[in-house]
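Everything below concerns the one structure shown next.
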Amino acid sequence: MKSWSALVGLLVSIGMLVTVPAAAQDARLEAAKKEGKVVWYTSLALPTAEKIAKLFEAAYPGVKVEVHRTGSQRILQRVMQEMQANLKLVDVIHTSDAGHFVLLKEKKLLMKYTPPGVEAFPAGFKDKDGYYFTLRATVNVIAYNTKLVPAAEAPKGWKDLLDAKWRGKMVTAHPGYSGVISTHVLALVQLYGWDYFKQLAQNKLMLVQSAVDPAGVVASGERQVAVDGGDYYYYQMKKKGNPIEVVYPKEGVPLVISPTAIASFAPHPNAAKLFTDFTFTRQLQQVMADSEGLYTGHPEVKYPVDKPKLSDLKLLTVDPEELEKRNEEIKTRFVEFFGA
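So for the sequence shown, my numbering puts the first residue at 839; every next one is plus one.
Printed below as a string of structure tokens:
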């Protein structure tokens, strides 16, 4: 893993590597400096979001990133409430619920803008009309505390979590807060039906909010097993020496794509475009893979040897339009089964 100073040095050079004409890039940079900042609503784990912000600010002095980090569902709620109040505050919107971008596009709240390089992304990682693109992806997995659960006894698949021996020993995040978990729930409903979650709830799970929260709960030993959560955060926690092991069930892992888009009403449009271009450079996408354990749509990104390639996993995919259509059902049924 590269040192922080090396990362900064690498990213400072990105301004010369974004593949737009130099004159246009210079003009955009000057316009962005006049705007002064870009306002970013993101569901990325806060340390990751702040790292990206600092790298951007190092590459483009004079343009600040104002990071607002919360769960995907709260980001959508905030954007819609601000629109109703005629408050035009956000520039760049990034959540882990692809259905949000279907809705925002329908409501004409997204700017049509295609950053350089995304034309090479897989079809499932980009909007065919050019309004939003997948900044990062993760897969939802099972994780357990290696000090409390021997490897031979750890759950190997989703249905192993239904065993009564895990009652009171597991944790789950909530689709009412997390877009990652909304996608996870729909993927497993498509695989097993709602009865799976009805049975899972009988094991009396601890409920947390964000998809990154179960990692801390399991690492501390407060619960032994996490039934969901993005693999990237478990990867980071394990790298820091925490007693965590990840399980990629052979019956499939939900693929969670996390799009980003510029608001159609962005108050700092040039800074928003500059920031969006930056986040889709190969160099920044490689940083996300190397230091954060994330997947991306960039075909030139190489992944750490201790992480499986997406091509080696059986992926459970969810259609963004279906996710948007069933969003309320997902939250309502989850509360029905888990009680909160």
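In this text, a Cβ means the ideal position worked out from N, Cα and C, and glycines have one as well.
Note that the structure is predicted; figures quoted are calculated from it, not measured.
Could you check if L1013 is buried or exposed, using at least 16 other CB atoms within 10 Å of its CB as the buried criterion?
Taking the sequence shown and counting its residues from 1, one reaches residue 1013 at position 175. It should be noted that the sequence gives Pro, not Leu, for residue 1013. Buried: at least 16 other Cβ atoms inside 10 Å.
Can you name, in chain order, every residue of its own chain whose Cβ lies under 8 Å from the Cβ of T1114, other than the five neighbours on each side?
The sequence position of residue 1114 within the sequence shown is 276, counting from 1. V930, Y951, P953, T1098 and I1100.
In chain order, which alpha helix (DSSP H) runs of at least 4 residues are fully inside the stretch 886 to 967?
Correct list: 910 to 922 and 936 to 944.
Rounded to whole angstroms, how far is the Cβ of A981 from the Cβ of V1056, which I believe are closer than 8 Å?
Within the sequence shown, residue 981 is the residue found at index 143, counting from 1. Within the sequence shown, residue 1056 is the residue found at index 218, counting from 1. The Cβ separation is near 6 Å, so the contact holds.
At which residue ranges does the stretch 992 to 1064 contain complete beta strand (DSSP E) runs of 3 or more residues, listed in the order of the chain?
Segments of the beta strand (DSSP E) lying fully in the stretch 992 to 1064: 1008 to 1010.
Unbroken alpha helix (DSSP H) runs of length 4 or more, entirely within the stretch 1091 to 1164: which are they?
Look at the stretch 1091 to 1164 and you find these whole runs of alpha helix (DSSP H), each 4 residues long or longer: 1107 to 1117, 1120 to 1130 and 1158 to 1163.
To the nearest angstrom, how far is it from the Cα of L1043 to the Cα of G1059?
Locating residue 1043 in the sequence shown gives position 205, where the first residue counts as 1. Locating residue 1059 in the sequence shown gives position 221, where the first residue counts as 1. The straight-line gap from Cα to Cα measures roughly 14 Å.
When the distance is taken between beta carbons, is T886 closer than 8 Å to G1135?
Position 297 of the sequence shown, counted from the start, is the residue given in the question as residue 1135. Position 48 of the sequence shown, counted from the start, is the residue given in the question as residue 886. Going by C-beta atoms, G1135 is not nearer than 8 Å to T886.
Y879 - containing alpha helix (DSSP H), residue span:
For the purposes of this step, residue 879 is identified with residue 41 of the sequence shown, where counting begins at 1. Counting along the chain, Y879 falls outside any alpha helix (DSSP H), though it belongs to the beta strand (DSSP E) covering K875 to T880.
Looking only at C-alpha atoms, which of E1138, V1063 and S1102 sits nearest to V928?
Counted from its first residue, the sequence shown places residue 928 at position 90. The shortest C-alpha separation from V928 is found at S1102.
Where does L973 sit, in a helix, a strand or coil, going by DSSP?
Looking up residue 973 in the sequence shown gives position 135. The answer is strand: DSSP assigns L973 an E or B state.
Closest by C-alpha distance to F955, when choosing among M949, G909 and F963:
The residue labelled residue 955 in the question sits at position 117 within the sequence shown. The question names Phe, yet the displayed sequence has Gly at residue 955. Nearest C-alpha to G955: F963.
Give the range of the beta strand (DSSP E) segment to which Y982 is assigned.
Residue 982 sits at position 144 when you count from the first residue of the sequence shown. Looking at the DSSP string, the run of the beta strand (DSSP E) that includes Y982 is I980 to N983.
Which term fits G909, buried or exposed, when burial requires 16 or more other beta carbons within 10 angstroms of its beta carbon?
Within the sequence shown, the letter at position 71 stands for residue 909. Buried is the label assigned to G909, since at least 16 other Cβ atoms lie within 10 Å of its Cβ.
In whole angstroms, what is the alpha-carbon distance linking E1174 and N924?
As a position in the sequence shown, residue 1174 is number 336, starting the count at 1. As a position in the sequence shown, residue 924 is number 86, starting the count at 1. Rounded to whole angstroms, E1174 to N924 spans 35 Å at the Cα level.
So, with DSSP's three-state summary, where would you put E1089?
Counting from 1 along the sequence shown, the entry for residue 1089 is found at position 251. Three-state DSSP puts E1089 in coil, outside helix and strand.
Could you name the residues that DSSP lists as bridge partners for E868?
Within the sequence shown, the letter at position 30 stands for residue 868. None, per the DSSP bridge assignment.
In or out: R1164 buried (at least 16 other Cβ within 10 Å) or exposed?
By one-based count along the sequence shown, residue 1164 stands at place 326. Answer is buried; the Cβ neighbour count reaches 16.
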